[in-house]
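One structure is given below, encoded as structure tokens.
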Amino acid sequence: MTTPEAVSDDARYDFREIEARWLPVWTEKQPFRAGNAGDTRPTKYVLDMFPYPSGDLHMGHAEAYALGDVISRYWTMRGFNVLHPIGWDSFGLPAENAAIKRGVDPAGWTEANIAQQRTSMERYACSFDWDRVLMTHRPEYYRWNQWIFTRLYDRGLAYRKPSLVNWCPFDQTVLANEQVVAGLCERCDTPVTKKKLTQWYFKVTDYADELLDDLETLRDTWPSKVIAMQRNWIGRSRGADVEFVIEGHDQPIPIYTTRPDTLFGATFMVVAVDSDLAAELVAGADEATQAEFAAYAEKVKGDTEIERLSTERPKTGVFLNRYAVNPVNGERLQIWASDYVLADYGHGAIMAVPAHDQRDLDFARAMNLPIRTVLDCRDEDRNALPDPAESGIATTGDGFLINSGSLDGLGKADAIDAITARLAAEGRGKPATNYRLRDWLISRQRYWGTPIPIVHCEACGEVPVPDDQLPVTLPPTEGLDLKPKGQSPLAAATDWVNTTCPKCGGAALRDTDTMDTFVDSSWYFLRFLSPGKTDGPFDLDEAKKWAPIDQYVGGVTHAILHLLYARFFTKALRDMGMIEFGEPFTALLNQGMVTMDGSAMSKSRGNLVSLAAQLDEFGVDAIRLTMSFAGPPEDNIDWADVSPSGSAKFLARAWRVARDVTSDVGIDPAAGDRELRVVTHRILADVGGLIESFRFNVAVARMMELVNATRKAIDSGAGPADPAVREAAEVVTRLLSLYAPYCAEDMWSMLGHTDLVALSPMPEIDPALLVQDTVTCVVQVMGKVRDRLEVSPDATEDELRELALASENVQRAMDGAAVRTVIVRPPGLVNIVVAK
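Residue numbers (the UniProt record's numbering): 1 to 836.
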């Protein structure tokens, strides 16, 4: 194979020369192609979350790709056929907003950024398979978004309905619940409002139980905080649907509650002010009530869910002059409309039990409504808690039922079972499960996304676009105004919108919304398996060979959105018979952020660090090594606290070790310095477990120990010709190639090899060199340490007992006392018990 010219004996470490030597070799050879015909190695699929092309790579990319690369290169050296692909998540608002701001086409802006990022990735020596690149904005990719959409539609998992949605006034588009962070649009930080629109949804809730229950299978391989975030977002609760008769209303209203045992404490009902039920109930009220309700609904219209649910927010509402009947005692309950109940929780209405729910209590006190205690709750000393009506503090413990008829004296669990059974027998309720999870709102009123493959026909209604007419491509931007106007810019592309119905051939209109870009990233890992396939989204045999992903690497910011949607897609595709597994990511590694002086990097803060400038100053290897050595991957890295210059000095030291070795390639190390060989093999044995447990920084520290030991052997011990020195230098080079591929490849060449170190196998560990000559045995007298003895690892109980009793320190501690018993735990502990 083609390799650079040999390095002279007096050469000095220069990262610029080294990068210039090896990048052309890797570009020519493409050493990380996966899936070649006839390759019988076991497979591993390692994947980094693909980037958005919003400019050149930044410091966050540098960390993520350094860590993913360590994993990919490690498994390659362990003898696996590793698939490590890359692509670009290239649809979305940033490109469209940038195009509007600059007056350019979003496609051209996106392609230019991708080209820039690819050049930087290649310089960064990422071990990607460059034959498998995909870009989600290209029709050959988003065609299959549309194809999958039609399959979901056919199965009832894609549907359209009118509802209140999150609306970003700045971006002029709807947002899924998960894209609203603290009441703000996650993209532009604009306060989010509510708007009623007819939108497209994916029925994620059909998989709610499976999405929740299958988290148990990931407990040992996903970060615990991500598991918790997924569980909390799905938010399964078990309770009952209780039917309340509304006076003057034809049908009873089901109310979901997790505490049906407290029904005797319900003293009023509250409906969400923005719910259809509230509008329906107020329609039958007098004009004054209708006017008051309309004014109140308008007042709270722009408030976010976060604001509405705040415990600090004063409680407000409107009495609708309507009454419900409590099904357990026949009491008439006033019905109020308020903002602290949400339209999409349960059925948009609650039974209010003010004594035992703080928000209900605050509302009752504000509106002078009845408060009835039905739980006898006590503190740790068994003292009764104060009356909520007087204290203003709801008692929310389990307690025992009081003032509840036949339920009196029962605990929570027994009371729930009893009242639920009674309601079911009377036809007034049933057990129910509720979820915080809502169906995935995928409609976006923007241009730069996948067109939804539906046409609307007056005669046929909604008609999916047939497969042979896919992809429905975006029209050219020429003549289109992409600025947000409350509806998709595609609506103005009349030649594109006007079409014929695939079913009847009559006039029809294309749907003008585009898909949420999380659709693109919900299955991209499968497209990587066969990115050039033209007769399906991915090859089913390739999916059997490679998937699911063995190791996924990316930021914790995607712990809910992306991971949840990808899990939903995987389960849906499995149920279509396209794959055989239900979880896409077997193991997950989340890296922290790269900050500066304790804050997120940004131009406005003046603390932005340019990755390109850092690479120019210190070199790729020093930046990669610094990212890996800074600490545990999940921790944030403060760039002000790390030292890329220190990493550069270490690399130069390691490089000089390889330069100074004078023995021949292939020499038997067995005759070399045993002490250095022991250090080499013990470190080699440790590093595998450290990398597999993501303790990359500790593995680097161990590698540094080996460099120091090797340097010492060269300078003052065995000398550069000793076979053990070569062995140690080659182990250093292999381990270093995981973190600093340029330096390692140069070292490998200096050591006389003509192949690539990145493809060389991890050396075998000699078990004999791992055996310890002695171990420390702790000797205690009456449980107190009195001596430490260096003993053979194979020492018997009798030998350890004899050595311990002969110890002068032990004899002094015993002070002539008789021995009652000697407890021996070979080879590390002896405890002598003496008579008092």
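Note that CB positions come from ideal geometry on N, CA and C, so glycine has one too.
*Run through DSSP, which three-state label would TYR201 get?*
strand
_Need the endpoints of the beta strand (DSSP E) that residue 853 sits in, please._
Past the boundaries of the shown model lies residue 853; the chain is included only from 1 to 836, so the question cannot be answered.
*Looking only at its own chain, which residues have a Cβ that is under 7 Å from the Cβ of VAL757, when we skip the five neighbours before and after it?*
THR733, ARG734, SER737, ALA744, GLU745, TRP748
*asked:* Going by the DSSP bridge assignment, what does ASP162 pair with across the sheet?
replied: Checking the sequence, you will find Pro at residue 162 rather than Asp. Note: PRO162 sits in a beta bridge opposite THR198.
_Other residues of its chain near PHE696: CB distance less than 7 Å, five sequence neighbours each side excluded_ = LEU67, VAL70, SER628, PRO633
*Relative to the alpha-carbon of VAL775, which residue among LEU759, ASP794, MET782, LYS784 has its alpha-carbon at the smallest distance?*
ASP794
_Can you find the residues in the same chain that come closer than 8 Å, C-beta to C-beta, to ILE504, ignoring five residues on each side of it along the sequence?_
Before going on, a small fix: residue 504 reads as Cys here, not Ile. Once the five neighbours on either side are set aside, the close Cβ partners of CYS504 are CYS457, ALA459, CYS460.
*asked:* Which of the three DSSP states is assigned to PRO254 in this structure?
replied: strand
_DSSP three-state label for GLY317, please._
strand
_Can you look up ASN498 in the DSSP assignment and give me helix, strand or coil?_
strand
_Candidates ALA432, ALA728, ARG219, of which the one nearest residue 894 by Cα_ = Because the chain here runs from 1 to 836, residue 894 falls outside it and cannot be looked at.
*In angstroms with no decimal places, state the Cα-to-Cα distance between GLY411 and ALA424.*
20 Å
*In angstroms with no decimal places, state the Cα-to-Cα distance between MET596 and ARG788.*
47 Å
*How would you write the range of the alpha helix (DSSP H) that GLY427 sits in, first residue to last?*
No alpha helix (DSSP H) holds GLY427; DSSP gives it neither H nor E.
*C-alpha gap between GLU331 and TRP147, whole angstroms*: 55 Å
_Assess contact between the region 584–601 and the region 549–564, defined as three or more Cβ pairs (one per stretch) separated by less than 8 Å. Is contact present?_
yes
*For the alpha helix (DSSP H) that contains LEU277, what are its first and last residues?*
276–282
*Which of helix, strand or coil does DSSP assign to ALA99?*
helix
*Residues sharing a beta bridge with TRP336, DSSP*: VAL270, PHE319
*Unbroken alpha helix (DSSP H) runs of length 4 or more, entirely within the region 506–579: which are they?*
524–527, 540–546, 561–575
*Inter-residue Cα distance where the pair is LEU93 and LEU57*: 19 Å
*Would a check of beta-carbon distances place LEU829 closer than 7 Å to chain B?*
Absent here is chain B; the protein component of the structure consists of one chain.
_Closest to ARG656 by C-alpha separation, out of LYS712, LEU611, HIS562, would be which residue?_
LYS712
*For PHE585, the residue or residues it bridges with in DSSP*: ILE549
*By Cβ distance, which residues of its chain are closer than 8 Å to SER602, with the 5 residues on each side in sequence left out?*
LEU608
*Return the chain-ordered list of same chain residues with a C-beta closer than 8 Å to the C-beta of LEU375, the five sequence neighbours on each side being excluded.*
THR262, GLY265, ALA355, HIS356, THR395, GLY397, ASP398, GLY399, PHE400, LEU401, ILE402
*Simplified DSSP assignment, three categories, for VAL725*: helix
*What do you reckon, are the CB atoms on ALA349 and VAL271 nearer than 7 Å?*
yes
*Nearest to TYR323 (by Cα), restricted to the options TYR296, GLU305, ALA278, GLN358*: ALA278
_Start-to-end residues for the alpha helix (DSSP H) that takes in MET77_ = 59–77
*Counting only the same chain and skipping the five closest in sequence on each side, list residues whose C-beta sits under 6 Å from that of THR373.*
ALA355
*Can you tell me where the beta strand (DSSP E) with ARG187 in it begins and where it stops?*
First-last for ARG187: undefined, no H or E at that position.
*Who pairs with GLY87 in a beta bridge, going by DSSP?*
LEU134
*Are GLY672 and ALA709 close, meaning C-beta to C-beta below 7 Å?*
no
*Name, in chain order, the residues that DSSP records as bridge partners for ARG238.*
THR433
*asked:* With the cut-off set at 7 Å, would you say PHE91 and ALA158 are in Cβ contact?
replied: no
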